[in-house]
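Comments concern the structure below.
See the structure below:
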């Protein structure tokens with residue numbers, strides 16, 4: 050079955066599901082439970098980063114973490130992504146097939162800090178690594194750079210423990226500046242960006258990366274500077 054047929058069949062299944070009031074009510078309850086689980090996972094990992102912040106504030110002269118933010122995908126975005134993948138909108142598919150429902154973004158002053166922060170998190174024994182996507186070493190064609198670390202964290206509830214996936218994006222302040230403005234230019238999903246604008250954005254990204262590298266060299270003079278340039282031990 051080709052992709053078009055799969056998408057059409059998925060859309061029909063989902064349309065049929067939404068026409069059943071009982072199924073809609075059950076799905077809404079499942080969404081509520083699911084979001085509680087993901088919010089709990091985000092809180093747990095965010096707390097880990099906040100503890101690292103507190104430690105660096107008390108023991109060191111500089112902090113490799115500049116900001117921490119988080120988000121949970123909206124139900125409509127989750128459903129749309131499942132449909133794009135040719136999957137029915139079910140809780141099993143949400144948990145088992147999508148790893149970016151819960152997201153945390155960390156910004157760091159320097160490139161070395163990005164890898165240092167990721168390394169500190171992955172050393173914790175209740176964190177399980179699923180995947181690393183290093184878009185700093187291998188940037189996207191658009192010029193986007195960031196380190197994406199997908200992990201699972203065990204969350205304890207009253208009657209069970211669940212392993213919840215969370216995507217963590219770690220990037221420098223400069224990379225985040227570019228990504229935030231690039232996102233503004235893509236605010237319409239059906240907007241096709243002109244080629245000259247794409248080229249200019251890529252050139253800006255390259256300039257920002259060159260500046261990041263220069264700042265990294267200057268940072269070697271700072272106290273408590275940990276020089277890491279990858280996720281390798």
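Numbering (our numbering), first residue to last: 50 to 282. Every residue, glycine too, gets a C-beta built ideally from N, C-alpha and C.
{"Asked": "Could you tell me which of 259, 251 and 220 sits nearest to residue 154, measuring between CA atoms?", "Found": "220"}
{"Asked": "Classify residue 256 as helix, strand or coil using the three-state DSSP reduction.", "Found": "helix"}
{"Asked": "For the alpha helix (DSSP H) containing residue 184, name the first residue and the last one.", "Found": "Where residue 184 is concerned, there is no enclosing alpha helix (DSSP H), given that its DSSP letter is neither H nor E."}
{"Asked": "In chain order, what are the residue ranges of uninterrupted alpha helix (DSSP H) at least 4 long that sit wholly in the region 167-247?", "Found": "222-234"}
{"Asked": "Distance, Cα to Cα, residue 56 vs residue 149?", "Found": "Per-residue confidence for residue 56 stands at a pLDDT of 43, beneath the threshold of 50, marking its modelled position as unreliable; no derived number is given."}
{"Asked": "Would you mind reading off the limits of the beta strand (DSSP E) that contains residue 154?", "Found": "151-157"}
{"Asked": "Between residue 114 and residue 226, what straight-line distance do the alpha-carbon atoms span, to the nearest angstrom?", "Found": "16 Å"}
{"Asked": "For residue 195 versus residue 169, is the C-beta distance shorter than 8 Å?", "Found": "no"}
{"Asked": "Quick test of your reading: residue 176 and residue 265, contact by CB under 8 Å. State the CB separation rounded to the nearest angstrom.", "Found": "Their Cβ separation, rounded to whole angstroms, is 26 Å, which puts residue 176 and residue 265 out of contact at 8 Å."}
{"Asked": "Would you tell me roughly how many angstroms separate the C-alpha atoms of residue 139 and residue 270, rounded to the nearest one?", "Found": "52 Å"}
{"Asked": "Between residue 175 and chain D, is any beta-carbon pair separated by less than 8 Å?", "Found": "Judged by its chain identifiers, the structure shown contains no chain D, having just a single protein chain."}
{"Asked": "Report the rounded CA-to-CA distance for residue 241 versus residue 199, giving the unit in angstroms.", "Found": "30 Å"}
{"Asked": "Closer than 7 Å by C-beta to residue 182: which residues in its own chain qualify, once you throw out the five before and the five after it? Chain order, please.", "Found": "197"}
{"Asked": "Go through its chain and collect everything with a Cβ distance to residue 252's Cβ below 6 Å, but skip five positions before and after it.", "Found": "none"}
{"Asked": "To the nearest angstrom, report how far apart residue 261 and residue 158 are at their CA atoms.", "Found": "9 Å"}
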